[in-house]
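Working notes, structure below.
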Amino acid sequence: MAAHYSPTWRMDLKHDAHANDDKHSSDHKKEHAKSGIHYSPTWRMNNSWEMQQESSFRPHSAGTASSHSSNHSSTHQQQHGYDVTTSRPAPFKVKSDEYYAPHVNALARWILDKDYLNAINLIKREPSRARTRITAHAFLGGHRDADVLPIHLLLSQADAPMDLITTLLRAYPESIHKVEKGYNRNCLHIALKSYVKDSVMSYLIQLNPNMCQQLDKLGRLPIHYAISNLHKDELIREMLHIYPESAKAFDKGGWTPLHVACQTYTSPELVEEILALNPEGILMRTNQGSTPLQVAQSSRKNRKEEILPFLQVAHDTYHNTPLIQNYRAAVAKHDYHSKHYVPRVTHKVV
């Protein structure tokens with residue numbers, strides 16, 4: 184059954200102590216208060232693998248239409264797996280109703296308007312602004328309000344410049360360890376979802392390698408997004424080198440990095456490297472019952488034939504080992520379904 188969360192809180196937009204210095208007039212703020220402020224960051228691709236899972240976190244107010252959509256999505260997952268599409272999620276916005284302050288502070292406004300030079304100058308004059316959080320609705324296409332720092336807001340922009348990133352981190356060094364409060368995503372999660380430059384992501388990893396080990400509220404590591412959003416193999420290898428155990432991680436939908444790689448198709452070499460770090464992962468199933476081999480078989484990628492023979496050999500080889508056969512026989516005595524489904528094997532089963 185899909186989990187539902189009904190938000191019981193609303194985080195007010197933090198009033199900026201320096202609001203009088205903002206270049207926008209009070210009349211302009213009143214106009215925003217009436218209509219709401221909408222900002223559309225640059226989006227390149229939406230992976231339905233992640234959106235399908237996020238749909239189970241919609242509030243109860245979504246009603247029957249949401250329930251019908253969820254049932255349809257579940258059927259689609261069983262038949263076709265998860266597809267990479269080019270549809271855009273709804274742009275996030277900063278609300279301005281009775282629960283929110285009627286304006287965005289100057290730093291957030293300049294970041295979202297891509298006025299990066301003014302943002303840099305403001306931070307240099309007033310470093311404390313780097314600590315000011317705002318509440319963004321549908322941040323990164325999610326279904327929750329997210330309490331975000333300026334560094335999170337900046338990394339949601341694909342063209343986030345390195346000079347502004349370093350300026351924010353110098354003003355508030357601890358922000359590299361902070362998460363946004365919607366899906367608990369760290370700076371690396373956000374950067375990977377927003378397609379910032381690989382050089383920026385490598386810089387973030389060097390500053391805080393522990394981000395590679397952090398889960399968001401969907402149970403996903405940054406490597407899940409690195410693979411699903413088709414980032415370069417070199418970046419993914421860097422993350423695997425820092426945290427090899429990430430190859431064994433599965434999210435709340437049961438998807439491992441190997442499942443995602445087989446669905447989105449990265450490269451045969453990368454699939455082989457992931458499998459080498461987690462050989463038993465060839466038998467792991469998603470919550471919908473799909474092994475990586477079945478995910479690859481159902482994928483509509485034109486080049487999937489390049490990895491299917493390798494996956495088939497790996498599946499047959501590992502499936503027929505005495506360890507797995509004995510494990511299946513033991514579980515079958517207590518669980519009828521184990522006669523039909525390969526049990527989810529993790530690194531704890533040795």
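One rule links them: number in my numbering = place in the sequence shown (from 1) + 183.
For each residue, glycine too, the CB sits at the ideal point set by N, CA and C.
Note that this is a predicted model, so its numbers are computed, not measured.
From the options, residue whose alpha carbon lies closest to that of residue i
| i | options | result |
| --- | --- | --- |
| Leu441 | Ile406, His414, Glu417 | Ile406 |
| Glu455 | Ala341, Leu295, Phe493, Leu337 | Phe493 |
| Asp499 | Gly464, Gln471, Asp298 | Gly464 |
| Ala341 | Lys400, Thr447, Val379, Thr439 | Val379 |
| Ser450 | Ile419, Gln397, Phe433 | Ile419 |
| Lys431 | Ser411, Ala459, Glu357 | Ala459 |
| Asp416 | Leu352, Asp381, Lys361, Gly402 | Asp381 |
| Arg312 | Glu428, Asp328, Ile294, Gln446 | Ile294 |
| Glu452 | Ile490, His360, Thr318 | Ile490 |
| Lys376 | Tyr408, Cys445, Pro356 | Tyr408 |
| Leu390 | Leu352, Leu347, His372, Gly365 | Leu352 |
| Thr318 | Asn412, Asp328, Arg468 | Asp328 |
| Glu309 | His326, Leu290, Gly402 | Leu290 |
| Thr315 | Leu401, Lys400, Glu488, Lys361 | Lys361 |
| Ser358 | Val331, Tyr501, Leu401, Ala479 | Val331 |
| Leu371 | Met467, His335, Lys297 | His335 |
| Gly365 | Leu404, Ile410, Ala354, Phe322 | Phe322 |
Residues bridged to residue i (per DSSP)
| i | result |
| --- | --- |
| Thr449 | Beta-bridge pairing links Thr449 to no other residue. |
Cβ-based burial, residue i [other Cβ within 10 Å; buried from 16]
| i | result |
| --- | --- |
| Arg292 | buried |
| Glu363 | buried |
| Leu300 | exposed |
| Ser482 | buried |
| Val443 | buried |
| Asn304 | exposed |
| Ser473 | buried |
| Ser339 | buried |
| Met422 | buried |
| His414 | buried |
| Asp434 | buried |
| Thr447 | buried |
| Asp399 | buried |
| Pro475 | buried |
| Thr349 | exposed |
| Asp205 | Residue placement at Asp205 is poorly supported in this model, since its pLDDT is 42, which falls under 50; the coordinates are not used for a value here. |
| Pro333 | buried |
| Lys307 | exposed |
Own chain partners of residue i with C-beta closer than 7 Å, once the 5 adjacent residues on each side are dropped
| i | result |
| --- | --- |
| Asn470 | Gly436, Gly437 |
| Ala497 | Leu458, Ile465 |
| Ala374 | Leu338, Val383, Met384, Leu387 |
| Trp402 | Here residue 402 turns out to be Gly, not Trp, going by the sequence shown. Answer for Gly402: Asp434, Lys435, listed in chain order. |
| Asp346 | Ile303 |
Own chain partners of residue i with C-beta closer than 6 Å, once the 5 adjacent residues on each side are dropped
| i | result |
| --- | --- |
| Asn461 | Ala430, Lys431 |
| Ile425 | Pro392, Cys395 |
| Ala343 | Leu337, Val379 |
| Gln397 | Asn369 |
| Cys445 | Pro475, Val478, Ala479 |
| Lys297 | none |
Same chain only: Cβ atoms within 8 Å of residue i, ignoring 5 sequence neighbours per side
| i | result |
| --- | --- |
| Pro427 | Leu460 |
| His251 | Because the pLDDT at His251 is just 38, under 50, the model does not fix this residue reliably, and the point stays unresolved. |
Any beta strand (DSSP E) of 3 or more consecutive residues that is wholly inside the stretch 323-409 | The stretch 323-409 is shown to contain whole beta strand (DSSP E) runs of 3 or more residues at 328-331, in chain order.
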